[in-house]
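The block underneath contains the structure these notes are about, expressed in structure tokens.
There are 2 protein chains.
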Amino acid sequence: MTDMRSRLADIVGAANVRDGADAAEDYARDEGLTSVATRPAFVVAPGDAGETAEILKAAAETGTPVTARGSGTGLSGAAVPRADAILVSFERMNRVLEIDTENHVAVVQPGVTLRELEEKTAEHGLVYPVYPGELSGSLGGNVATNAGGMRAVRYGVTRHHVLGVEAVLATGEVIRCGGKYVKASTGYDLTQLIVGSEGTLALVTEATLKLQPRLAHQATVLAPFGDLTAVVRAVPKVVASGIGPLILEYIDAMTMGAITYTHDLQLGIPDQVRDTSQAYLVVMLENRDAERLDDDVAATGELLTALGAVDAYVLPGPSARRLIEAREQAFYTAKGAGADDVIDTVLPRAALPEFMARVQGIAQASETFVVGCGHAGDGNVHLAVFQKDADKRAKALRELFAASMELGGAISGEHGIGHAKKAYFLDLEDPAKIALMKRIKQAFDPTGVLNPGVLFD
Amino acid sequence: MTDMRSRLADIVGAANVRDGADAAEDYARDEGLTSVATRPAFVVAPGDAGETAEILKAAAETGTPVTARGSGTGLSGAAVPRADAILVSFERMNRVLEIDTENHVAVVQPGVTLRELEEKTAEHGLVYPVYPGELSGSLGGNVATNAGGMRAVRYGVTRHHVLGVEAVLATGEVIRCGGKYVKASTGYDLTQLIVGSEGTLALVTEATLKLQPRLAHQATVLAPFGDLTAVVRAVPKVVASGIGPLILEYIDAMTMGAITYTHDLQLGIPDQVRDTSQAYLVVMLENRDAERLDDDVAATGELLTALGAVDAYVLPGPSARRLIEAREQAFYTAKGAGADDVIDTVLPRAALPEFMARVQGIAQASETFVVGCGHAGDGNVHLAVFQKDADKRAKALRELFAASMELGGAISGEHGIGHAKKAYFLDLEDPAKIALMKRIKQAFDPTGVLNPGVLFD
Ligand SMILES: Cc1cc2nc3c(=O)[nH]c(=O)nc-3n(C[C@H](O)[C@H](O)[C@H](O)COP(=O)(O)OP(=O)(O)OC[C@H]3O[C@@H](n4cnc5c(N)ncnc54)[C@H](O)[C@@H]3O)c2cc1C
Ligand SMILES: Cc1cc2nc3c(=O)[nH]c(=O)nc-3n(C[C@H](O)[C@H](O)[C@H](O)COP(=O)(O)OP(=O)(O)OC[C@H]3O[C@@H](n4cnc5c(N)ncnc54)[C@H](O)[C@@H]3O)c2cc1C
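Protein chains in written order, with the working numbering: chain A, 78 to 534; chain B, 78 to 534.
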């Protein structure tokens, strides 16, 4: 142990190694509701890829587990270290290296937060359009979880914006994959394999991200519906219209009540409409041209009413912003209300009505309370699950995931598997695929030091 | 050999196995200019995934190489079998299984051609927006090469539209990856790994493809420029404008001359402008609204003139269609003119001016004639290389690829490595990445039967 500590100090400098016991409590956990806080043996903060490589060499030689940590905002426990692990925190590698306005890319270190990138891109009239709700999350964490968020219906998720990475392998080799180009057919796409791998294949020390022109005009339409099924039925039609919404979220009445209450939000909806609405659709539009936006807003309002909305309200800018923020923080509202777990299963968007019906059945049968909201445009449902009994809860979750998979879905749309959903993943996923993934893991990490216990046992 | 033949006949039925010597000459080759035609031992046409799996089991047991074949329109020799190989032709698995209008996806068998899919999606007002130039190409081949084409600047390439695959592993296992959803964080993304793997990791027996609403209105602007550098300099500005072109191609004067001549095309450009133009930009726009399209066309014309175009012509529909078709078939024009090889290197689009300057230097120094066109919006340059001397040509190609990589590019943007560009790939690519890719190959295909000789030696 002392050997390892001094070896790490030689690599990153004594100031950048702490014993797990001395490090802040925050390093022991992420935001996952079921994560078990665990202090690692060491918290190490490398300054560059070279130092990261040396840490991995030391780990591989000694068989010491390594867990990467961005901002610890993950919801699957994937950044929670083992007690004997080196936690590699990317807090010092936090620079936006370049905003390339000609190629429309940003080159960032992994510790850069979404908030910083948002500020830097805004200065150049560009935008990194992936908006997972928690802006303190790091780009390294976003890449490793393939983070999504509300704008995915228009722009896709992290995967679609990572053009390249610099990554350190468990062998200590530093590789560069992809680059400032949007396509290639030059061998296997290692970048896409590393995206979403939850720190189990390689450590990302730099990412090249695709940017978009920042469009000047945005507007938000809020449409209350009499029932949840009508909301989710409307979703494919809004997508098919070609209006191309930036955001297309559903929020059930319970969740809307909770987030507006928590955030002291007045939406200006008549009491009587509010009282009879069981769910809401939030549609945000954007355009580079104000007039076109106005036309699209009008068309959206008409469309939503035709699809069964009780009414359609254009929210004033500040209310819209606050509603979106409240929605982004819905996780904390659920946590505050005592939710025992959250899931973010994804399925074909047209299967949402059937899935929501099954959710109600599963909830009732298992005496579990389930409410939620979701990136409806992507078929990504975020449900808060209230059930204190661990066995009953596990049974309900298994049934929810099984139902989603039966309808053509997958366990997680964006939060990842980590520790939290691993049992369900290993239980429900095709064994041939699990075996293949393990062989891929072996190809990257022969000594198995990268985030052991995440994804696989 | 007879054993294998009867075993294959047992699997797919005698009518669907041919000896290589009896099969049509076409099975011995693809469209690659440097591919060496080779008849396989057997040509087998499975009817479904189960039969495909049985073929692979037989191959793995006996160590017999297997090469998948779609339509044989590839340009890298990747579908050219070895003499001792089983060529698995997907000609019988050629059905569009579903056009799902609610989820906006198509489910296809691998032998479906782009042309068939275009017809089927049109019936539903949807479109599969990836348009690699050769519409007789199969979706299986498109997936395996990560095919691109002219519309990638707007919609991305094949990779961005493959939501899931059914694939047969060399172990004979059939797996389903992804599905009718646009995102997931549920283990490694096997779909994205299989896309672009040129038949070396798995055989694709079904693909789930993302569709888009088919927009009603299109227009094409043709802008001649005095010199090539001005054209490629204009490209990032057009992208940055936010106009969002569907197509953004450059065509040099020599190539424009050749394709208009071959296709007997009148563009209606005054002689004097044509004679002084060294390169052209072709910008195609689309919109769901005719008025918006008109405005965008006007804005594009102004922008191009401001960026140095001699003029900007809005092409009448039929001329535009014929110009795009001629551009799609530019490969055959180059072949007809005696080109000895074609390359399709990709690089950051802002590096195009510097790259084009280096191309001229390399061409002159090696006494090689190089002309071209390209998906300029993606930084994907298609060059026809005229040099009869194989050594000189190899040297020139190596220098072209090295220059592209030095400027942040990669060897192939969409055609793939196959046999044709393998020597350059193995020579110029980072050995650590090659070694990692080989370990991944091993994880999928432990007996090494899938397309040996492609990508790796
Ligand atoms: C209020 C709230 C709202 C949220 N909303 C969304 C949402 O809308 N969409 C969404 O997708 N997520 C959302 N999340 C989840 C979370 O923000 C994302 O998962 C985010 O990507 C995590 O980033 P992080 O830096 O905090 O990663 P961490 O939690 O630190 O780590 C997450 C994973 O990434 C790995 N990792 C971190 N850095 C690296 C690196 N450099 N190299 C390799 N692996 C690395 C870790 O080992 C771990 O496996 C939300 C979370 C909260 C608390
Ligand atoms: C005139 C012309 C223009 C072209 N324009 C473009 C262009 O703009 N953009 C572009 O990207 N390409 C272009 N191409 C190249 C070619 O059309 C593409 O590479 C196409 O994807 C090949 O499809 P195919 O069915 O002919 O594949 P094949 O040539 O039959 O095979 C190509 C590769 O895919 C593998 N494969 C085929 N089917 C399967 C399967 N089911 N499972 C696993 N592996 C499989 C083969 O083994 C091989 O490695 C052009 C070609 C021509 C001749």
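Cβ atoms here follow ideal geometry from the backbone N, Cα and C, with glycine treated the same way. Treat the numbers as computed from the prediction; the structure is a model and nothing was measured.
**Request:** Go through the stretch 174-260 of chain B residue by residue and report every complete run of the alpha helix (DSSP H) that reaches 4 residues or more, in order.
**Result:** 191-199, 216-222 and 229-232
**Asked** When the Cα of R253(A) is compared with those of D504(B), M361(B), M482(B) and G319(B), which residue comes out closest?
**Response** Taking the first residue of the first sequence as position 1, residue 253(A) is located at position 176. Comparing Cα positions, the closest option is M482(B).
**Message:** Using the three-state DSSP reduction, which class does P523(B) fall into: helix, strand or coil?
**Reply:** Here residue 523(B) corresponds to residue number 446 of the second sequence, with the count starting at 1. Here P523(B) sits in coil by DSSP.
**Message:** Please report the straight-line C-alpha distance between S215(B) and E243(B), rounded to a whole angstrom.
**Reply:** Taking the first residue of the second sequence as 1, we reach residue 215(B) at position 138. Taking the first residue of the second sequence as 1, we reach residue 243(B) at position 166. Straight-line Cα distance between these residues: approximately 16 Å.
**Asked** So, using beta-carbon positions, are L325(A) and A389(A) closer together than 9 Å?
**Response** Sequence index remark: in the first sequence, residue 325(A) carries index 248 (1-based). Sequence index remark: in the first sequence, residue 389(A) carries index 312 (1-based). Not in contact: L325(A) and A389(A) (Cβ atoms no closer than 9 Å).
**Asked** Do L152(A) and D417(A) have their C-beta atoms closer together than 9 Å?
**Response** Stepping through the first sequence from its first residue, residue 152(A) is reached at position 75. Stepping through the first sequence from its first residue, residue 417(A) is reached at position 340. The answer is no: Cβ separation not under 9 Å.
**Asked** Between which two residues does the alpha helix (DSSP H) containing K499(B) stretch?
**Response** Stepping through the second sequence from its first residue, residue 499(B) is reached at position 422. Counting along the chain, the alpha helix (DSSP H) containing K499(B) begins and ends at K499 to L505.
**Item:** Beta-bridge pairing of L164(A) - partner residues as DSSP gives them
**Value:** Here the question's residue 164(A) lines up with position 87 in the first sequence. For L164(A), which the question treats as bridged, DSSP gives the partners V120(A) and T144(A).
**Message:** Between which two residues does the beta strand (DSSP E) holding P33(B) run?
**Reply:** Limits of chain B in this structure are 78 at one end and 534 at the other, which puts residue 33(B) out of reach.
**Request:** For the stretch 305-324 of chain A, enumerate the residues whose C-beta is nearer than 8 Å to any C-beta of chain B, in chain order.
**Result:** Interface annotation for the stretch 305-324 of chain A against chain B: P313, V316, A317, S318 and G319, criterion Cβ-Cβ distance under 8 Å.
**Prompt:** If contact means a Cβ-Cβ distance below 9 Å, which residues of the stretch 425-444 of chain A contact chain B?
**Reply:** P425, R426, A427 and A428
**Prompt:** Closest Cβ-Cβ distance between F502(B) and chain A: below 9 Å?
**Reply:** Position 425 of the second sequence holds residue 502(B). Cβ-Cβ to chain A under 9 Å: yes for F502(B).
**Request:** Could you check the C-alpha separation between T268(B) and A330(B) for me, to the nearest Å?
**Result:** Position 191 of the second sequence, counted from the first residue, corresponds to residue 268(B). Position 253 of the second sequence, counted from the first residue, corresponds to residue 330(B). The straight-line gap from Cα to Cα measures roughly 40 Å.
**Item:** Status (buried if at least 16 other CB within 10 Å, exposed otherwise) for R146(B)
**Value:** Residue mapping note: residue 146(B) aligns to position 69 of the second sequence, counting from 1. With at least 16 other beta carbons inside 10 angstroms of its own, R146(B) counts as buried.
**Request:** Select from G493(B), R192(B), P322(B) and A135(B) the residue whose C-alpha is nearest the C-alpha of R228(B).
**Result:** Working through the second sequence from its first residue, we reach residue 228(B) at position 151. Of G493(B), R192(B), P322(B) and A135(B), the residue nearest in Cα terms is P322(B).
**Message:** When you compare the CB of R475(A) with every CB in chain B, is at least one pair closer than 9 Å?
**Reply:** Locating residue 475(A) in the first sequence gives position 398, where the first residue counts as 1. So, not an interface residue.
**Prompt:** Which chain A residues are close to S489(B), counting only those with a beta carbon under 8 Å from its beta carbon?
**Reply:** Counting from one through the second sequence, the residue named residue 489(B) turns up at place 412. Residues of chain A whose Cβ lies closer than 8 Å to the Cβ of S489(B) are, in chain order, A261, S262 and T263.
**Asked** Is the Cβ of Y327(B) closer than 9 Å to any Cβ of chain A?
**Response** For the purposes of this step, residue 327(B) is taken as residue 250 along the second sequence, with counting starting at 1. No, its Cβ sits nowhere closer than 9 Å to a Cβ of chain A.
**Message:** Counting C-beta neighbours from all protein chains within 10 Å, is the total for V448(A) 16 or more, i.e. buried, or is it exposed?
**Reply:** Position 371 of the first sequence, counted from the first residue, corresponds to residue 448(A). Note on V448(A): 16 or more other CB atoms within 10 angstroms of its CB, so buried under the neighbour-count rule.
**Prompt:** Hey, P206(A) and Q295(A) are a contact pair by Cβ (cut 8 Å); roughly how many whole angstroms apart?
**Reply:** As a first step, residue 206(A) must be located in the first sequence, where it is residue number 129. As a first step, residue 295(A) must be located in the first sequence, where it is residue number 218. About 12 Å separates the two Cβ atoms, so there is no contact after all.
**Beta-ladder partner(s) of V544(A), from DSSP** = Because residue 544(A) is not part of the residues shown, which for chain A are 78 to 534, the question remains open.
**Message:** Counting only C-beta atoms, is K134(B) closer than 9 Å to chain A at any point?
**Reply:** Residue numbering aside, residue 134(B) sits at position 57 when the second sequence is read from its first letter. Not closer than 9 Å to any Cβ of chain A, the Cβ of K134(B) fails to qualify, so no.
**Message:** Please give the ranges of any alpha helix (DSSP H) in the stretch 419-458 of chain B, keeping only runs that are unbroken, at least 4 residues long and fully inside the region.
**Reply:** 429-442
**Message:** I'd like to confirm something about H201(A): is its beta-carbon nearer than 8 Å to some heavy atom of ligand 1, or not?
**Reply:** Within the first sequence, the letter at position 124 stands for residue 201(A). No; taking the cut-off as 8 Å, the Cβ of H201(A) has no heavy atom of ligand 1 nearer than that.
**Message:** Nearer than 8 Å: is that true of the beta carbon of N219(B) relative to any heavy atom of ligand 2?
**Reply:** As a working mapping, residue 219(B) is identified with position 142 in the second sequence. Yes, ligand 2 has a heavy atom inside 8 Å of this Cβ.
**Message:** Please report the straight-line C-alpha distance between L429(B) and G438(B), rounded to a whole angstrom.
**Reply:** Reading the second sequence from its first residue, position 352 is the one you call residue 429(B). Reading the second sequence from its first residue, position 361 is the one you call residue 438(B). A straight-line Cα-Cα distance of about 14 Å links L429(B) and G438(B).
**Prompt:** When you compare only the Cα positions, how much space is there between R404(B) and V360(B)?
**Reply:** Stepping through the second sequence from its first residue, residue 404(B) is reached at position 327. Stepping through the second sequence from its first residue, residue 360(B) is reached at position 283. Rounded to the nearest angstrom, the two C-alpha atoms are 13 Å apart.
**Message:** Quick check on DSSP: helix, strand or coil for A317(A)?
**Reply:** Counting from one through the first sequence, the residue named residue 317(A) turns up at place 240. The answer is helix: DSSP assigns A317(A) an H, G or I state.
**Asked** From the beta carbon of D266(A), is the nearest beta carbon of chain B less than 9 Å away?
**Response** As a position in the first sequence, residue 266(A) is number 189, starting the count at 1. With 9 Å as the cut-off, D266(A) counts as an interface residue toward chain B.
**Asked** Name the chain E residues that come within less than 8 Å of H492(B), Cβ to Cβ?
**Response** This model lacks chain E altogether; the protein chains it does include are A and B.
**Prompt:** Expressed to the nearest angstrom, what Euclidean distance is found between the alpha-carbon atoms of I88(A) and G249(A)?
**Reply:** On the first sequence, residue 88(A) is found 11 positions in, with the first residue counted as 1. On the first sequence, residue 249(A) is found 172 positions in, with the first residue counted as 1. C-alpha separation (whole angstroms): 13 Å.
**Message:** Do L477(B) and V462(B) have their beta-carbon atoms positioned less than 9 Å apart in this structure?
**Reply:** Taking the second sequence and counting its residues from 1, the one referred to as residue 462(B) is at position 385. Taking the second sequence and counting its residues from 1, the one referred to as residue 477(B) is at position 400. Contact annotation: V462(B) and L477(B) have beta-carbon atoms nearer than 9 Å.
**Asked** Per DSSP, what kind of secondary structure is A487(B) in: helix, strand or coil?
**Response** Working through the second sequence from its first residue, we reach residue 487(B) at position 410. Strand, per DSSP.
**Item:** Residue from I132(A), H459(A) and A307(A) whose Cα sits closest to the Cα of V165(A)
**Value:** Here residue 165(A) is taken as the residue at index 88 of the first sequence, counted from 1. For V165(A), the nearest C-alpha among the options comes from I132(A).
**Host alpha helix (DSSP H) of E402(A) (start-end)** = Along the first sequence, read from residue 1 onward, the residue named residue 402(A) stands at position 325. Counting along the chain, the alpha helix (DSSP H) containing E402(A) begins and ends at G394 to E405.
**Prompt:** If we ignore side chains and look at the alpha-carbon of each, how far apart do G584(B) and A162(B) end up?
**Reply:** Only positions 78 to 534 of chain B appear in this structure, which leaves residue 584(B) out of reach.
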